[in-house]
DNA sequence: ATGTCTTTGTGAACGCGTGCACAAAGATGG
DNA sequence: CCATCTTTGTGCACGCGTTCACAAAGACAT
């Protein structure tokens, strides 16, 4: 989900399809669970069920990494965990900086999944001077002025933006200028970044709207009638409802934002 | 991102492609911003730039909704806001229940974007008796025992799961049994749901891992050398690194979880 | 009215991702 | 050592989504 200005050709780095990369963490999670139960091997069928995917798809995904299975037996769990971890770059340490320590930012800082798998919260940044120095999840919050310093000192290449939408682009620019090349964006805005910088978007509002769409479809097919409402009626309803919509809209574009695409 | 057991054929309800539905909220956000600035019309080119997509794609997306543009002029902003809102089902009220009021659940409850666009937090649920009755974002937390009651009384059809992974499936089952047919899942688990129930997954850990993958690619192509490491060396490194990986893994599968797929 | 200019709406081609179905590979038992 | 059985790895076809490129439609000026 790179949202850059220029079109990025679905980064198939070294031949591994983007869709496959997106599923590797899923496999890894399932494999880790098996590993903890000391299960030595799994078949593609079993693992696929655990990961919630098709077994043929899983086998094809693994085939991009190499031939790590044994026919008639399945895959060695420990070995596969290692291979996928290495492929995802999880065998190294990834210092991360979180900008915007509001409700969401604090939740992220406290997120346990952060610490595991090689991700380490190197710094917390917030523009509010009242927060400066206060520890969140055991890490003292630093002021925005220290952003560049924090990024450079820790060799941070991954930044998380959890600020209000209005500040997101500016924060993004500063992160990128300081050397960050991957951004996880929770602010409800489209970020413009130069080539070579990856952006992934997480937007709760969008997720809910998509669910609402399907919910509406499920709830009433009888509403399909006024979908094809005549032009005259549509024009009539236009002003009335447009006002109504924007009226109770609230400050949507300014909330801290929450989720993925 | 329906993660059900059975394969769901990419729900193209009434002919609107899933990919288009996922972009509609993006357009809506851009249009709302224009509306607030009292801009009367936009061309597909301008709007596409604001939403960060290709203009041809945007036009095709809109063509699925109908012919709402005027050639030589563009699209009427207010009218389009209304049409998209209606298509997404945002003209009606959507009561939502949030289960699991930890760091993340609380952040979600406080999320401003919730209130706008027709989403209303109808109830907060948590298993911890210590939280029961305490207000979060102005809404008193109710105990898990009240889950079914809360869903039924409010006519909730959308549920948000922000519990630890271990509790997610059980909570999911109860939500579904109580009548919920759309679920936004923040727990790092694959949820099994019956047909007709939509699940969207939001998983911070996965997003970070995907970023790490690309980051690794960017950082070193010289590491490509040991990618094709000989079988012997691979086998040797196997145990060592496998142990290492699972050792500093931490309780990953149990954290409250955070994001999308 | 007529011509020009802008912008939409869409036909068609292309590429990626998915899933089927099967051959090859290896384990296992006799 | 051979036969059988299991499970991987993949060739192939299909369908969705994206993009190009252009004809049709309307605005606007003369």
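Chains as they are written, first to last, in our numbering: chain A, 2 to 262; chain B, 2 to 262.
Glycine included, C-beta positions come from ideal geometry on N, C-alpha and C.
No experiment lies behind these values; they were computed from the predicted model shown.
Whose CA, out of the options, lies closest to the CA of residue i?
i                     : options                      : result
residue 147 (chain B) : B:78, B:50 and B:130         : B:130
residue 140 (chain B) : B:154, B:111 and B:153       : B:111
residue 107 (chain A) : A:220, A:187, A:68 and A:138 : A:138
residue 154 (chain A) : A:123, A:162, A:182 and A:50 : A:123
residue 96 (chain A)  : A:26, A:211, A:36 and A:116  : A:116
residue 54 (chain B)  : B:24, B:104 and B:44         : B:24
residue 210 (chain A) : B:209, B:22, B:17 and B:16   : B:22
residue 65 (chain B)  : B:17, B:39, B:51 and B:101   : B:17
residue 161 (chain A) : A:36, A:134, A:200 and A:193 : A:200
residue 35 (chain B)  : B:67, B:26, B:79 and B:69    : B:79
Since residue i is in the alpha helix (DSSP H), which residue starts that stretch and which ends it?
i                     : result
residue 113 (chain B) : 113-116
residue 160 (chain A) : Note, residue 160 (chain A): premise wrong, no alpha helix (DSSP H); beta strand (DSSP E) at 159-162.
residue 62 (chain A)  : 56-66
residue 195 (chain B) : Here residue 195 (chain B) belongs to no alpha helix (DSSP H), and DSSP marks it neither H nor E.
residue 26 (chain B)  : 19-37
residue 45 (chain B)  : 45-52
residue 99 (chain A)  : Segment 95-100 is the beta strand (DSSP E) holding residue 99 (chain A); no alpha helix (DSSP H) there.
residue 281 (chain A) : Because chain A is modelled from 2 through 262, residue 281 (chain A) falls outside the range shown and cannot be assessed.
residue 178 (chain B) : 166-179
Can you tell me the Cβ-Cβ gap for residue i and residue j, rounded? I've got them flagged as a contact below 8 angstroms.
i                     : j                     : result
residue 119 (chain A) : residue 91 (chain A)  : 5 angstroms
residue 198 (chain B) : residue 172 (chain B) : Between residue 172 (chain B) and residue 198 (chain B) the Cβ distance is about 13 angstroms, and since that is not below 8 angstroms, they are no contact.
residue 203 (chain B) : residue 187 (chain B) : 5 angstroms
residue 99 (chain B)  : residue 89 (chain B)  : The pair is not a contact, with the Cβ atoms about 21 angstroms apart (cut-off 8 angstroms).
residue 33 (chain A)  : residue 77 (chain A)  : Contact flag wrong, Cβ pair sits at about 14 angstroms.
residue 191 (chain B) : residue 52 (chain A)  : 6 angstroms
residue 44 (chain A)  : residue 75 (chain A)  : 4 angstroms
When you compare only the Cα positions, how much space is there between residue i and residue j?
i                     : j                     : result
residue 218 (chain A) : residue 30 (chain A)  : 33 angstroms
residue 20 (chain A)  : residue 73 (chain B)  : 39 angstroms
residue 159 (chain B) : residue 207 (chain B) : 23 angstroms
residue 149 (chain B) : residue 113 (chain B) : 26 angstroms
residue 224 (chain A) : residue 185 (chain B) : In this predicted model, residue 224 (chain A) has a pLDDT of only 42, less than 50, meaning its place in the structure is not dependable; the value taken from the coordinates is given anyway. Whole-angstrom Cα-Cα distance: 25 angstroms.
residue 58 (chain B)  : residue 174 (chain A) : 27 angstroms
residue 183 (chain B) : residue 216 (chain A) : 7 angstroms
residue 143 (chain B) : residue 152 (chain B) : 12 angstroms
residue 163 (chain A) : residue 71 (chain A)  : 45 angstroms
residue 180 (chain B) : residue 157 (chain B) : 8 angstroms
residue 145 (chain A) : residue 168 (chain A) : 11 angstroms
residue 166 (chain B) : residue 63 (chain B)  : 39 angstroms
residue 69 (chain A)  : residue 27 (chain A)  : 17 angstroms
residue 101 (chain B) : residue 46 (chain B)  : 43 angstroms
residue 205 (chain A) : residue 105 (chain B) : 12 angstroms
residue 56 (chain A)  : residue 133 (chain A) : 50 angstroms
residue 94 (chain B)  : residue 39 (chain A)  : 48 angstroms
residue 50 (chain B)  : residue 127 (chain B) : 42 angstroms
residue 84 (chain A)  : residue 135 (chain A) : 40 angstroms
residue 212 (chain A) : residue 220 (chain A) : 12 angstroms
residue 125 (chain A) : residue 37 (chain B)  : 33 angstroms
residue 121 (chain A) : residue 121 (chain B) : 35 angstroms
residue 48 (chain B)  : residue 170 (chain A) : 18 angstroms
residue 60 (chain B)  : residue 103 (chain A) : 37 angstroms
residue 196 (chain B) : residue 189 (chain A) : 31 angstroms
residue 86 (chain A)  : residue 87 (chain B)  : 44 angstroms
Return yes when at least one heavy atom of the ligand HEM lies under 7 angstroms from the C-beta of residue i, else no.
i                     : result
residue 219 (chain B) : No copy of the ligand HEM appears in this structure; indeed no ligand is present at all.
Over the uninterrupted beta strand (DSSP E) stretch that includes residue i, give me the two end residues.
i                     : result
residue 201 (chain A) : 199-202
residue 85 (chain B)  : Note, residue 85 (chain B): premise wrong, no beta strand (DSSP E); alpha helix (DSSP H) at 78-89.
residue 122 (chain B) : 120-127
residue 142 (chain A) : 140-144
residue 209 (chain A) : Where residue 209 (chain A) is concerned, there is no enclosing beta strand (DSSP E), although the alpha helix (DSSP H) it sits in stretches over 205-220.
residue 185 (chain B) : 183-186
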